[in-house]
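Presented below is the structure to which this report refers.
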Amino acid sequence: MNKNIREQEHAVIRCTCATPFQASNVAQLIDAEGNCLPVAPVMVLCRCGRSRRKPYCDGSHVPAGINGNKSDNRVPDRRIDYHGREITIHDNRGVCSHDRSCVLGLPRVFRKNHRPWIDPDAANPEEIENVVRKCPSGALSTSRHGVPAAEPQRPPAIRVAKNGPLEITGNIGLEDDLGSRPESREHYCLCRCGESRNQPFCDGSHRTTRFRDDAPEE
Ligand code: SF4
Ligand code: FES
């Protein structure tokens, strides 16, 4: 760990609609293979998708600027509850990063191309909780008889998903000029392709726009 990072100081990510992500006191930056990347007490991370030093900002956003506003045609940032006999699954489609952990982990519950797409009675509650715990965006959560499941307890870290968002864990604060509040304070996904309609959060648009980590062509 960088010796200048003071673990007792709160880790926070700050941005405005026009600026890259500034991460302070984040001790762990991890690539998609689990390797630790160099960290500094204050790091500036790319959110426009143009940097040649991803995940770090190299100033490539300057000519065109950053559009960090929320789009009017974004998927509504709204939680829907799917009540089962023993467990309720809560789902906010507006912040799903579409990493498919749920549909691959428990396809009989999270049913791609079905309506309703969630069947909370198709597996036992423990299986569902185990899969929901792996949801990186916070789109999914659960409760039993009105009691929310405990949030995971992880150290503050930023994982750089391959060709995808920054996956934040460990209660890293988020401060922007839109008053954005993550669905889960413990974990959320930030857009680093520049195409999300629900900035600063990832909305899965990197998949349709085929965002790639490779440096853009000249
Ligand atoms: S982010 Fe969560 S809800 Fe979205 S695909 Fe991944 S596990 Fe499913
Ligand atoms: S990284 Fe997912 S929408 Fe930009």
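Just add 4 to wherever you are in the sequence shown, counting from 1, and you've got the working numbering. Built from N, CA and C at the ideal position, the CB exists for glycine as well.
Between which two residues does the beta strand (DSSP E) harbouring Val-43 extend? Careful: Val-43 lies outside any beta strand (DSSP E) and carries neither H nor E.
Separation of Tyr-60 from Val-1, as counted between CA atoms = Residue 1 lies beyond the stretch modelled for the chain, which goes from 5 to 222, so this question has no answer here.
Review point. With 16 other CB atoms within 10 Å as the buried threshold, where does His-4 fall?
Key: In the structure as shown, the chain starts at 5 and stops at 222, and residue 4 therefore has no counterpart that could be examined.
Requested in this report: Look at the alpha carbon of Arg-214 and the alpha carbon of Ser-101, and state the distance between them as a whole number of angstroms.
Outcome: 14 Å
His-191 CB to nearest heavy atom of the ligand FES below 6 Å
Distance from the C-beta of His-191 to the nearest heavy atom of the ligand FES is not below 6 Å.
- Item | Distance cut 6 Å, beta-carbon to the ligand SF4 heavy atom: residue list by chain order | Cys-100, Ser-101, His-102, Asp-103, Arg-104, Ser-105, Cys-106, Cys-139, Pro-140, Ser-141, Ala-143 and Leu-144
Since Cys-106 is in the alpha helix (DSSP H), which residue starts that stretch and which ends it?
105-109
Rounded separation between Cys-148 and Glu-90 - CA only = In the sequence as displayed, the identity of residue 148 is Arg instead of Cys. Each residue's alpha carbon lies about 6 Å from the other.
* To do: Please classify Asn-173: does DSSP put it in a helix, a strand, or coil?
  => In the sequence under discussion, the amino acid at residue 173 is Thr, which differs from the Asn named in the question. Secondary structure of Thr-173 (DSSP, three-state): strand.
#### Entry: For Ile-91, three-class secondary structure by DSSP
coil
**OP:** Excluding the 5 residues preceding and the 5 following Pro-159 in the sequence, name in chain order all residues of the same chain whose CB lies nearer than 6 Å to its CB.
**Re:** Gly-174
**Q.** Beta-bridge partners of Glu-179, as assigned by DSSP
**A.** Arg-18
Legend entry - Glu-199 and Asn-96 closer than 7 Å at C-beta: At the C-beta level, Glu-199 and Asn-96 stay beyond 7 Å of one another.
Which of helix, strand or coil does DSSP assign to His-210? helix
C-alpha gap between Asn-251 and Val-30, whole angstroms | Nothing about residue 251 can be reported from this structure: the residues present for the chain run from 5 to 222 only.
Collapsed DSSP secondary structure at Ile-122 in the structure displayed
strand
Quick one: measure Cβ to Cβ for Cys-206 and Ser-141, integer angstroms, because I've assumed they're closer than 8 Å. 7 Å
Quick check on Val-66: does DSSP put it in helix, strand or coil?
coil
Point to revise | Leu-178 vs Ile-17 beta-carbon contact at 7 Å | key: yes
Margin query: Under 8 Å: do the segment 52-68 and the segment 100-118 share three or more Cβ pairs, one atom per stretch?
Written below: no
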